[in-house]
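First residue of the sequence shown: 12, per our numbering; consecutive thereafter. Built from N, CA and C at the ideal position, the CB exists for glycine as well. All remarks here apply to the structure that follows.
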Amino acid sequence: MIIDVKELYNNIDKYMGKEITLQGWIRNHRKQKELGFIDFSDGTCFQHVQVVYDDQLDDFDSITKYHVGSAIEVHGLVIQSPKEGQAFEIQTQKILLLGDCPEDYPLQPKKHSREFLREQAYLRPRANLFQAAFRVRSVAAYSIHKYFQERGYVYFQAPLLTASDCEGAGEMFHVTSFDLAHVPMKDGEVDYSKDMFDCPSSLTVSGQLEAETFALAYKKTYTFGPTFRAENSNTRVHANEFWMIEPEIAFCDLAGDMEIMEDMLKYVVSYVLEHCKDEMEFFDKFIESGLIQKLEKLVHSRFTRITHREAIEILQKADVKWEFEPKQGEDIAKEHEKYITEYFDGPVFITDWPKDIKAFYMKENEDGQTVAAVDLEVPGAGEIMGGSQREDCYEKLVKRMDDLGMDKQELYWYINLRKFGSCVHSGFGLGFERLLIYITGIDNIRDVIPYPRTPGNCDF
Ligand code: 4AD
Ligand code: MG
């Protein structure tokens with residue numbers, strides 16, 4: 012009977028003393044004169060299996076030559092292992108070589124640098140660190156859907172090709188079907204009427220604007236998909252393609268929005284801690300010491316809530332030589348985020364941001380200076396979520412767009428939401444990779460996304 016290694020671990024009592032068949036790969040191979048030991052895994056769980064064979068097998072000599080990386084089928088008996096810390100091992104009756112692997116296979120069983128493994132991105136899911144990281148990624152994604160689905164949110168797929176710049180930051184990747192060597196021109200300008208969509212188009216930076224249309228139809232909705240930003244930021248937490256979760260909730264104000272942000276984050280963290288025990292122990296041991304304790308503390312804490320004004324006051328009182336002096340009315344730099352999360356020793360919501368540094372759609376506060384926006388800052392990953400109550404007043408939104416010199420024609424449908432049954436509504440965006448950085452302790456976004464797209468890199 013062919014079984015998964017995961018099934019074997021989960022039901023070891025059932026299989027002890029029985030004959031089984033496993034299919035997977037050789038991770039390591041040690042040979043002695045009369046015995047051989049194969050460190051075997053099939054990817055169905057983080058744990059490996061020790062496969063032991065001896066010279067009673069007719070093809071003992073050829074098995075000893077099987078290389079690391081080869082695909083094999085093992086027929087054997089599950090027995091108690093004499094090795095300490097190992098519950099069982101496989102006593103081999105037969106091993107079939109399904110797919111050979113040459114000796115110069117790049118993933119030899121030794122410590123490789125993360126940089127080297129990035130160059131081997133098509134092989135790195137086989138390495139322990141990435142095997143763990145991408146399983147956590149999968150489980151976390153599932154838990155996010157589970158969280159929202161169980162609470163009645165409608166999953167909405169925002170378009171990836173769009174004509175609108177949600178964040179207004181001008182960081183769009185432009186999309187065209189033109190032959191770039193022969194772009195049609197008219198009166199000295201690009202003639203987009205000849206392009207596929209008859210207008211300039213781009214890859215989306217956020218599905219929020221479209222999500223709002225669904226929130227005003229379903230009350231609770233969320234998107235979970237890729238977003239693209241043409242920002243030339245070479246940091247550990249920026250990618251040009253990243254996944255974002257964007258819930259949008261009608262009849263919900265900023266305070267309600269923050270409750271959802273906090274509740275969801277705790278749910279996802281708990282879910283991963285419970286369902287990825289081996290992976291999380293590995294990260295705690297080899298990547299970030301104290302990681303599990305940090306996450307357990309988060310689950311049981313109440314997140315700090317401060318305003319942008321208060322945050323700047325704390326920063327200005329701090330005895331730190333800043334690269335960027337913290338100033339009222341201005342943005343918060345990476346070094347400031349770090350200080351604030353360390354100061355409160357956990358996640359911090361910063362609310363009520365200066366309106367001039369935030370997006371057009373945010374609800375203006377009564378002071379006329381700030382908007383009902385929130386960022387959630389966590390130690391290590393910095394800003395993992397950004398959200399706001401949306402401007403639901405038609406006149407105010409139109410005025411804001413005029414002040415910013417925005418094209419209202421293009422977003423008429425978005426503005427009309429404020430005319431056709433408008434209501435208080437709010438939402439937020441969770442950067443999926445930032446979340447994974449926080450959960451795994453892996454400190455570089457390039458190592459929590461299978462094929463990272465960052466400035467200068469679109470390999471694989
Ligand atoms: O703060 P941002 O730009 O907010 C929005 O896009 C809103 N439309 C969200 C909403 O209210 N529906 O992005 C949201 C989150 C950030 O907090 C961050 O976690 C992540 O997306 N993010 C990035 N992650 C990786 N690489 C980048 N270049 C990122 N830019 C933003
Ligand atoms: Mg933001």
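Fill in: Whole-angstrom distance between tyrosine 229 and glutamine 160, CA atom to CA atom
Across the structure, glutamine 160 and tyrosine 229 are spaced so that their CA atoms are roughly 13 Å apart.
Discussion item. Given this structure, state the Cα-to-Cα distance separating arginine 137 from phenylalanine 51, to the nearest angstrom.
Written reply: Near 12 Å, if we compare the C-alpha coordinates of phenylalanine 51 and arginine 137.
Worksheet item: Around the Cβ of glycine 218, are there at least 16 other Cβ atoms within 10 angstroms (buried) or fewer (exposed)?
Response: Buried, by the Cβ-count rule.
Worksheet entry | Those residues which DSSP pairs with phenylalanine 48 across a bridge | Note: phenylalanine 48 is bridge-paired with Arg41 and Val63 in the DSSP secondary-structure output.
Fill in: Residues of its chain near lysine 407, where Cβ-Cβ distance is below 7 Å and the 5 sequence neighbours each way are ignored
Counting only Cβ-Cβ distances below 7 Å, and skipping sequence neighbours, we find Glu375.
Fill in: Supposed close pair glycine 393, lysine 430 - CB separation, criterion 8 Å
38 Å between Cβ atoms; not a contact.
Fill in: For valine 435, the nearest candidate out of Asp413, Lys328, Phe262 and Glu353 (CA to CA)
The residue with the shortest Cα to Cα distance from valine 435 is Phe262.
Practice prompt. Measure the alpha-carbon distance for valine 5 versus tyrosine 26 and round it to whole angstroms.
Written response: Residue 5 cannot be examined here, being either before or after the span of the chain that is shown, 12 to 471.
Worksheet entry | Presumed contact (8 Å Cβ cut-off) between isoleucine 460 and glutamate 444, rounded CB distance | Contact flag correct, Cβ pair sits at about 5 Å.
Practice prompt. Grab the span of the beta strand (DSSP E) containing glutamine 91 for me, first residue to last.
Written response: Looking at the DSSP string, the run of the beta strand (DSSP E) that includes glutamine 91 is 82-91.
Fill in: Range covered by the beta strand (DSSP E) that runs through arginine 316
Per DSSP, arginine 316 belongs to the beta strand (DSSP E) from 315-318.
Worksheet item: Over what stretch of residues does the beta strand (DSSP E) that includes aspartate 363 continue unbroken?
Response: 359-365 is the extent of the beta strand (DSSP E) around aspartate 363.
Discussion item. For the stretch 175-185 against the stretch 137-148, do three or more pairs of beta-carbon atoms, one drawn from each stretch, fall closer than 8 Å, so that the two count as touching?
Written reply: The stretch 175-185 vs the stretch 137-148: no contact.
Fill in: Proximity below 8 Å, CB of valine 16 to CB of glutamine 61
Against a cut-off of 8 Å, the Cβ pair of glutamine 61 and valine 16 comes out as no contact.
Discussion item. Mapping the DSSP letters down to three states, classify lysine 410 as helix, strand or coil.
Written reply: Residue state, collapsed to three classes: helix.
Worksheet item: Would the C-beta of glutamate 394 count as close to the ligand MG, meaning under 7 Å from any of its heavy atoms?
Response: Yes, Cβ of glutamate 394 sits closer than 7 Å to a heavy atom of the ligand MG.
Fill in: Segment contact, 8 Å Cβ cut-off, at least three pairs: the stretch 254-261 with the stretch 366-381
At 8 Å Cβ cutoff, the stretches do not touch.
Practice prompt. Pull up the distance between the alpha-carbon of histidine 86 and that of proline 113, whole angstroms please.
Written response: A straight line joining the alpha-carbon of histidine 86 with that of proline 113 spans about 23 Å.
Worksheet item: Based on the DSSP output, what are the partners of isoleucine 481 in its beta bridges?
Response: With the chain covering only 12 through 471, there is no way to say anything about residue 481.
Discussion item. Taking 6 Å as the limit between beta carbons, can you name the residues of its chain near glutamine 327, skipping five residues before and five after?
Written reply: So the qualifying residues of the chain are Pro337.
Worksheet entry | Nearest-angstrom Cα separation, counted from methionine 207 out to serine 188 | The alpha-carbon atoms of serine 188 and methionine 207 are separated by roughly 6 Å.
Discussion item. Within 8 Å, do at least three Cβ pairs link the stretch 309-321 to the stretch 349-364?
Written reply: Enough Cβ pairs lie closer than 8 Å, so yes.
Worksheet item: What are the complete beta strand (DSSP E) segments, minimum 3 residues, inside the stretch 417-460?
Response: If we require 3 residues or more, the beta strand (DSSP E) runs fully inside the stretch 417-460 come out as 436-442.
Worksheet item: By DSSP, does histidine 156 sit in helix, in strand, or in coil?
Response: Here histidine 156 carries a helix assignment [DSSP, helix/strand/coil].
Practice prompt. Compare the Cα-Cα distances from isoleucine 14 to each of Ala151, Asp69, Asp72 and Val89 and report the closest residue.
Written response: It is Val89.
Discussion item. By alpha-carbon positions, which one of Asp53, Asn21 and Phe71 ends up nearest to lysine 44?
Written reply: Put simply, of Asp53, Asn21 and Phe71 the residue whose alpha carbon is nearest the alpha carbon of lysine 44 is Phe71.
Worksheet entry | Spatial neighbours of isoleucine 49 in its chain, beta-carbon cut-off 6 Å, leaving aside the 5 residues before and after | Short of 6 Å from the beta carbon of isoleucine 49, and not among the five residues preceding or following it, lie these beta carbons of its own chain, in chain order: Ile37, His40 and Val62.
Worksheet entry | Rounded distance between the beta-carbons of isoleucine 395 and alanine 250, thought under 8 Å | The beta-carbon separation of alanine 250 and isoleucine 395, rounded to 14 Å, does not stay under the 8 Å limit for a contact.
Practice prompt. Ignore the nearest five residues each way along the sequence and tell me which others in glutamate 242's own chain have a CB closer than 6 Å to its CB.
Written response: Glu182, listed in sequence order.
Worksheet entry | Where the beta strand (DSSP E) containing glycine 397 begins and where it ends | Segment 393-400, the beta strand (DSSP E) holding glycine 397.
Worksheet entry | Separation of isoleucine 101 from lysine 29, as counted between CA atoms | The straight-line gap separating the alpha-carbon atoms of lysine 29 and isoleucine 101 is approximately 10 Å.
Practice prompt. Compute the Euclidean distance between the alpha carbons of glycine 340 and threonine 465, then round it to the nearest angstrom.
Written response: One C-alpha to the other measures close to 31 Å.
Worksheet item: With which residues is leucine 555 paired in a DSSP beta bridge?
Response: In the structure as shown, the chain starts at 12 and stops at 471, and residue 555 therefore has no counterpart that could be examined.
Worksheet item: CB of methionine 412 to nearest heavy atom of the ligand 4AD: below 7 Å?
Response: The answer is no for methionine 412.
Worksheet entry | Residue from Lys305, Leu302 and Lys349 with nearest C-alpha to tryptophan 333 | Closest option to tryptophan 333, Cα to Cα, is Lys349.
Item to complete: Please classify glycine 397: is it buried, with 16 or more other beta-carbons within 10 angstroms of its beta-carbon, or exposed?
Response: So glycine 397 counts as buried.
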